[in-house]
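So the structure is just underneath, and the comments pick up after that.
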Amino acid sequence: MLLSAHNISKAFGSFLAVRDADLTVAEGEIIGLIGPNGAGKSTFFNCLAGDTAPTTGRVLFDGIDVTRSSAEAHARAGIGRTFQVPATFEDMTVLENVMVGAFLRHHHRGAARETALRIIEMTGLARQTAQRARSLGTPGRKRLEIARVLATEPRLMLLDEALAGLTPTELQQAIALVRRIHELGVTLVIVEHIMEVIMTLAQRVLVFNQGHVHGKPHEIVANEMVIEAYLGRGHRRRGETP
Amino acid sequence: MKWGLPALAALLLFYPFIFTGPFYWDIGVAFLLAAISASAWNIVGGYAGQVSVGHSMFFGVGAYTPLLFYQLWGLPPVAGVPAGMLVSLCLALAIGMPTFRLRGHYFSMATIAVAELIRIFVGTWELVGAAIGLQGPAVGRAWWDLMFRSELPYYYIFLAVLAVVLYTTFEVERSRFGYYLRAIKAGERAARSLGVPVRATKLKALMLSALFTSVAGSLYSIKTGFVDPESGFGILVSVQMVIVAALGGAGTLFGPLIGALILVPLQTATNTWFGGGGSGLTYILYGGIIVLLARFEPGGMHEWWQRVAPRLMRRWHAA
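Chains as they are written, first to last, in our numbering: chain A, 153 to 394; chain B, 5 to 323.
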């Protein structure tokens, strides 16, 4: 397994944000993570990315215990993540933003620049290369975040609602981009509210809600608990009685 | 603008021949000292966004050490400069390790507290002259005492140091280290997620900044031949660095130069107009600049110029 998280719990004082969550991800998989707001998806994500240490449980990446490692160490190990609210470096240009990521593996400016330009081209940001991040709209910023993480040459990418807030056309482009990233050999864990994304991309789904449900996407959308708690009755197949 | 840099270099190089006489040379030296100090502060405060308001601790160490070398062992003050740099480096390491756990205003407040503690301590420490301070040689024994009658040699020594500081900053700006500093300023959490070693990078920036600030302090005390707790470690020393850099444009290569170019003549003018009776005016001036910057131009004059210059050029070409 590339990533194994066992019995992950995270408490903030007396509030338990994540309770005994488990996740195993094989190399080359795309895993979807869904659940209602406040279910603890982002906190779980933060535990996987080294942003915060879990209160209990263990995270193994490629067999190495990274439970208490820093976010920097996670990035060095090959775990990259995006943020729910894009955290681009606003006063830096698109190229400079991506170069910060590229510097992780390429210490010389020329090599980092070359890598960054290649990734900018791949992520469809070539026309905005010299623009400051602050001048980009939401789709641009989300792409930039993905590009920046991609520049760190990760083995595992954690995408936290990286496709939310896009128009249908932008969404299709973003799905195509995620597919291209996957084709490069990057394993993906995606937190997403848009079921279209999950159904299209994910090979397995983990549902966060008062406990956890694992399964294939088609099993998940048929699961009673998931329908009640998250998808709503509109997701029942036509003609099916409640 | 391609001609901007050579024009600036030529202006600084030939300034003493354009504006002749001790009065203008004195202003030139004060400008260079302010520019060196603010450029040094700019590395950690401007590029990394770690607003230290306690940089006087490094300036003071740099200012005291040369004169202490003279007082204790009769050595030329310049011999104490490397020692001052070394002490400042150690101080930066000792201060940075715990304070870089703090963020934003808490970091700024911690630096003020440490600098004030050092000022009070130095003011009671007999070895370094307590409240009276230290003096250098009254008359130069040889050229290496760097005691010149004219301001002109000081001007060119200070200019050479400024060139070194600016060149180093330029190299930092283009390097991985410089990109990391700007990323940290923009968002520590995001920087960390990209593998930026945040604390180590901030610490390196503080050490480099402390090194140059110490040199600025040494230049000050060697030139004036005197330092006391207020002129070395006083809070106004730190505040001036922050204001000069912020006024010109913190986090830009030439911002501190622009800031010094505005502030130093302004200070000289207020001192000339109001004399000793207007000593409190410096505080009012600094306070006023902070308010104006925060309200109208937080990015400083450099950013303002970058916004205005293209419009002016378009109008000029249209005309």
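The beta carbon of each residue, even a glycine, is placed where N, CA and C say it ideally should be.
Residue i at chain B interface by Cβ criterion, 7 Å
i, result
"Glu224 (chain A)", "yes"
"Arg210 (chain A)", "no"
"Asn375 (chain A)", "no"
"Thr304 (chain A)", "yes"
"Phe164 (chain A)", "no"
"Ala157 (chain A)", "no"
"Pro394 (chain A)", "Only weak support exists for where Pro394 (chain A) lies, its pLDDT of 41 falling under 50; the coordinates are left without a value."
"Val170 (chain A)", "no"
"Leu269 (chain A)", "no"
"Gly391 (chain A)", "Confidence is the limiting factor: at Gly391 (chain A) the pLDDT is only 39, short of 50, which leaves the residue's position unreliable, though a coordinate-based value still follows. Not one chain B Cβ lies under 7 Å of Gly391 (chain A)."
"Met244 (chain A)", "yes"
"Phe197 (chain A)", "no"
"Gly276 (chain A)", "no"
"Ala227 (chain A)", "yes"
"Gly253 (chain A)", "yes"
"Phe213 (chain A)", "no"
Proximity of residue i and residue j at Cβ, strictly below 7 Å
i, j, result
"Pro20 (chain B)", "Ile226 (chain B)", "no"
"Ile4 (chain B)", "Leu212 (chain B)", "Lying outside 5 to 323, the shown extent of chain B, residue 4 (chain B) is not represented and no answer is given."
"Phe197 (chain A)", "Val343 (chain A)", "yes"
"Gly255 (chain B)", "His306 (chain B)", "no"
"Ile182 (chain A)", "Leu353 (chain A)", "yes"
"Pro320 (chain A)", "Gly230 (chain A)", "no"
"Ala194 (chain B)", "Val202 (chain B)", "no"
"Glu242 (chain A)", "Arg295 (chain A)", "no"
"Gly259 (chain B)", "Gly304 (chain B)", "yes"
"Leu198 (chain B)", "Val237 (chain A)", "no"
"Gly66 (chain B)", "Ala119 (chain B)", "no"
"Ser56 (chain B)", "Thr115 (chain B)", "yes"
"Ile188 (chain B)", "Ala52 (chain B)", "yes"
"Val359 (chain A)", "Gly180 (chain A)", "no"
"Val170 (chain A)", "Ser161 (chain A)", "yes"
"Thr217 (chain B)", "Phe63 (chain B)", "yes"
"Asn423 (chain A)", "Ala163 (chain A)", "Residue 423 (chain A) lies beyond the stretch modelled for chain A, which goes from 153 to 394, so this question has no answer here."
"Gly202 (chain A)", "Thr304 (chain A)", "no"
"Asp232 (chain B)", "Gly137 (chain B)", "yes"
"Ser60 (chain B)", "Phe237 (chain B)", "yes"
"Leu207 (chain B)", "Gly140 (chain B)", "no"
Per DSSP, cross-strand counterpart(s) of residue i
i, result
"His158 (chain A)", "A:Arg210"
"Arg356 (chain A)", "A:Ile183"
"Leu138 (chain B)", "B:Val231"
"Phe167 (chain A)", "A:Phe164"
"Arg233 (chain A)", "A:Leu310"
"Leu340 (chain A)", "A:Ile182, A:Met309"
"Asp217 (chain A)", "A:Leu212"
"Thr245 (chain A)", "A:Arg284"
"Val57 (chain B)", "Val57 (chain B) pairs with nothing; no bridge assigned."
"Leu175 (chain A)", "A:Ala157"
Identity of the residue in the options nearest residue i by Cα
i, options, result
"Ala328 (chain A)", "A:Thr290, A:Arg279, A:Met347, A:Met274", "A:Met274"
"Val200 (chain B)", "A:Gly192, A:Ala223, A:Thr204", "A:Ala223"
"Arg331 (chain A)", "A:His345, A:Thr319, A:Ile350", "A:Ile350"
"Ala38 (chain B)", "B:Ala96, B:Leu240, B:Trp308", "B:Leu240"
"Tyr265 (chain B)", "B:Pro10, B:Leu15, B:Trp7", "Looking at the sequence itself, residue 265 (chain B) is Leu, so the reference to Tyr does not match. Checking every option, the nearest Cα to that of Leu265 (chain B) belongs to B:Leu15."
"Phe174 (chain B)", "B:Ala44, B:Leu138, B:Leu76", "B:Ala44"
"Ala254 (chain A)", "A:Thr219, A:Gly289, A:Arg300", "A:Arg300"
"Gly144 (chain B)", "B:Gly32, B:Arg153, B:Asp30", "B:Arg153"
"Thr286 (chain B)", "B:Leu223, B:Arg178, B:Val243", "B:Val243"
"Arg265 (chain A)", "A:Arg279, A:Gly276, A:Val246, A:Gln283", "A:Val246"
"Leu174 (chain A)", "A:Glu313, A:Val211, A:Ser194", "Looking at the sequence provided, one finds Asp at residue 174 (chain A) rather than Leu. Per the Cα distances, A:Val211."
"Glu248 (chain A)", "A:Thr290, A:Arg228, A:Ala278, A:Glu348", "A:Ala278"
"Gly317 (chain A)", "A:Thr195, A:Gly276, A:Thr304, A:Gly292", "A:Gly292"
"Asp214 (chain A)", "A:Leu200, A:Ala326, A:Leu269", "A:Leu200"
"Leu121 (chain B)", "B:Leu12, B:Glu234, B:Pro10", "B:Glu234"
"Glu335 (chain A)", "A:Val218, A:Leu302, A:Phe167", "A:Leu302"
"Ala178 (chain A)", "A:Met309, A:His345, A:Ile346", "A:Met309"
"Leu95 (chain B)", "B:Gly284, B:Ala214, B:Val295, B:Gln271", "B:Ala214"
Minimum Cβ-Cβ distance from residue i to chain A less than 7 Å
i, result
"Arg180 (chain B)", "yes"
"Tyr183 (chain B)", "yes"
"Arg315 (chain B)", "no"
"Ala322 (chain B)", "no"
"Arg311 (chain B)", "no"
"Arg203 (chain B)", "no"
"Arg318 (chain B)", "no"
"Trp7 (chain B)", "no"
"Gly304 (chain B)", "no"
"Arg145 (chain B)", "no"
In the stretch 188–201 of chain B, which residues sit with their C-beta less than 9 Å from some C-beta in chain A, listed in chain order?
Residues of the stretch 188–201 of chain B whose Cβ lies closer than 9 Å to any Cβ of chain A, in chain order: Lys189, Ala190, Gly191, Arg193, Ala194, Ala195, Arg196, Ser197, Leu198, Gly199, Val200, Pro201.
Residues of the stretch 99–110 of chain B in Cβ contact with chain A at a cutoff of 7 Å, in chain order, please.
none
Interface positions of the stretch 295–324 of chain A facing chain B (Cβ-Cβ less than 9 Å), listed along the chain:
Glu297, Arg300, Val301, Ala303, Thr304
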